[in-house]
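Peer 1:
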Amino acid sequence: GQQLNQSPQSMFIQEGEDVSMNCTSSSIFNTWLWYKQDPGEGPVLLIALYKAGELTSNGRLTAQFGITRKDSFLNISASIPSDVGIYFCAGGGPNTGNQFYFGTGTSLTVIP
Amino acid sequence: GAVVSQHPSWVICKSGTSVKIECRSLDFQATTMFWYRQFPKQSLMLMATSNEGSKATYEQGVEKDKFLINHASLTLSTLTVTSAHPEDSSFYICSARPSGGGYGYTFGSGTRLTVV
Chain A
1 GQQLNQSPQS MFIQEGEDVS MNCTSSSIFN TWLWYKQDPG EGPVLLIALY
51 KAGELTSNGR LTAQFGITRK DSFLNISASI PSDVGIYFCA GGGPNTGNQF
101 YFGTGTSLTV IP
Chain B
1 GAVVSQHPSW VICKSGTSVK IECRSLDFQA TTMFWYRQFP KQSLMLMATS
51 NEGSKATYEQ GVEKDKFLIN HASLTLSTLT VTSAHPEDSS FYICSARPSG
101 GGYGYTFGSG TRLTVV
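First to last, the sequence lines map onto chains A and B. For the first sequence, this note's numbering assigns the number 1 to the initial residue and increments by one for each residue that follows. For the second sequence, this note's numbering assigns the number 1 to the initial residue and increments by one for each residue that follows.
1) According to DSSP, is Pro98/B part of a helix, a strand, or is it coil?
2) Using beta-carbon positions only, say whether Ser77/B and Met33/B come within less than 8 Å of one another.
3) In chain order, what residues of the segment 18-42 of chain A put their CB closer than 8 Å to some CB of chain B?
4) Alpha carbon to alpha carbon, what distance is there between Glu17/A and Pro81/A?
5) Going by the beta-carbon positions, is the gap between Ile111/A and Phe12/A smaller than 8 Å?
6) Identify each residue in the segment 62-80 of chain B for which the Cβ-Cβ distance to at least one residue of chain A is less than 9 Å, and report them in chain order.
7) How is the beta strand (DSSP E) around Ala72/B delimited, first residue to last?
8) Any C-beta of chain A within less than 8 Å: which residues of the segment 7-31 of chain B qualify?
9) Please check if any C-beta of chain B sits within less than 8 Å of the C-beta of Tyr87/A.
10) Please classify Thr31/A: does DSSP put it in a helix, a strand, or coil?
11) Would you report the Cα separation of Glu15/A and Gly105/A, rounded to the nearest angstrom?
12) Buried or exposed: where does Asp88/B fall if 16 or more other Cβ atoms within 10 Å of its Cβ makes it buried?
13) Name the residues in the segment 34-49 of chain B whose C-beta lies less than 9 Å from a C-beta of chain A; which are they?
14) Could you tell me the distance, in whole angstroms, from the CA atom of Val19/B to the CA atom of Ala96/B?
15) Helix, strand or coil for Ser82/A, going by three-state DSSP, please let me know.
16) Report the partner residues of His7/B according to the DSSP bridge assignment.
17) What residues of chain B sit near Pro45/A, judged by a beta carbon separation below 9 Å?
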């Protein structure tokens with residue numbers, strides 16, 4: 001299956017700092033999703049993006065659907081300790097048979 | 001909100017035995033469910049797409065005779081790992097797409113399989 005390249009692989013930041021991560025693919029997707037996964041749990045959906053150029057927020061999180069439709073970005077503002085976890089992007093949609101393929105993940109550590 | 005229940009949350013089995021994992025959509029109907037496998041510190045790899053009332057579609061490299069998928073109703077899909085071996089030890093996660101459409105797929109909480 002496809003795998004999307006996500007960077008950075010890991011981040012160690014101070015509480016209160018902003019975070020940026022991105023995801024790139026060699027394929028075009030109609031939909032980009034961002035998930036957060038805690039250890040031993042399934043991923044939880046954070047933001048869904050459906051249109052190229054779309055910018056969507058969910059509290060302190062903001063994600064953008066790249067214009068080329070081959071990338072997406074996630075920003076977290078004013079990080080807090082509970083933001084710790086692994087963040088995954090996922091691309092897919094009708095052009096992939098409604099299947100979604102996941103990025104390699106970004107591990108976020110927030111230092112109080 | 002949409003809830004997907006996955007059971008069991010963890011299982012230990014002997015090499016050569018089979019293990020069944022259930023994925024249920026509790027408050028919605030799911031025409032399509034997806035099964036993923038995740039190794040430690042790695043991403044989720046799509047194994048197969050499960051469609052209610054029809055055969056599952058497997059990703060390249062996934063043995064369909066080893067990972068049997070059954071989606072007999074709009075709320076239940078099962079993954080059976082047959083003749084399990086230690087290399088099958090992994091975290092298996094399902095996700096469900098509501099029959100009404102949309103792409104905010106909900107994930108189950110995962111099953112940790114350990115084959116000894």
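Idealized CB from N, CA, C, for every residue including glycine.
Peer 2: Reading off the structure:
1) Here residue 98/B refers to the residue found at position 98 when the second sequence is read from its first residue. Correct three-state label for Pro98/B: strand.
2) Walking along the second sequence from the start, residue 77/B turns up at place 77. Walking along the second sequence from the start, residue 33/B turns up at place 33. Their beta carbons are under 8 Å apart, which means Ser77/B touches Met33/B by this criterion.
3) Within the segment 18-42 of chain A, the qualifying residues are Thr31, Leu33, Tyr35, Gly40, Glu41 and Gly42.
4) For the purposes of this step, residue 81/A is taken as the residue at position 81 of the first sequence. For the purposes of this step, residue 17/A is taken as the residue at position 17 of the first sequence. Cα to Cα, the separation comes out at about 11 Å.
5) In the first sequence, counting from the first residue as 1, residue 111/A sits at position 111. In the first sequence, counting from the first residue as 1, residue 12/A sits at position 12. Taking 8 Å as the cut-off, the Cβ atoms of Ile111/A and Phe12/A count as close.
6) Val62
7) Counted from its first residue, the second sequence places residue 72/B at position 72. Segment Phe67 to Ser73, the beta strand (DSSP E) holding Ala72/B.
8) none
9) Numbered from its first residue, the first sequence carries residue 87/A at position 87. It does not: the Cβ of Tyr87/A has no partner Cβ on chain B nearer than 8 Å.
10) For the purposes of this step, residue 31/A is identified with residue 31 of the first sequence, where counting begins at 1. Here Thr31/A sits in strand by DSSP.
11) Numbered from 1 along the first sequence, position 15 holds the residue referred to as residue 15/A. Numbered from 1 along the first sequence, position 105 holds the residue referred to as residue 105/A. Rounded to whole angstroms, Glu15/A to Gly105/A spans 21 Å at the Cα level.
12) Start at 1 with the first residue of the second sequence, and residue 88/B comes out as number 88. So Asp88/B ends up on the buried side.
13) Phe34, Tyr36, Gln38, Lys41, Gln42, Ser43, Leu44, Met45, Leu46, Met47 and Thr49
14) Here residue 19/B is taken as the residue at index 19 of the second sequence, counted from 1. Here residue 96/B is taken as the residue at index 96 of the second sequence, counted from 1. So the alpha carbons of these two residues sit roughly 21 Å apart.
15) Numbered from its first residue, the first sequence carries residue 82/A at position 82. Note: Ser82/A maps to helix in three-state DSSP.
16) As a first step, residue 7/B is located in the second sequence; it is residue number 7 there, counting from the start. In the DSSP output, where bridge partners are listed per residue, His7/B has Glu22/B.
17) In the first sequence, residue 45/A corresponds to position 45, counting from 1. As written in the sequence, residue 45/A is Leu, which differs from the Pro given in the question. By Cβ distance, chain B contributes Gly104, Tyr105, Thr106 and Phe107.
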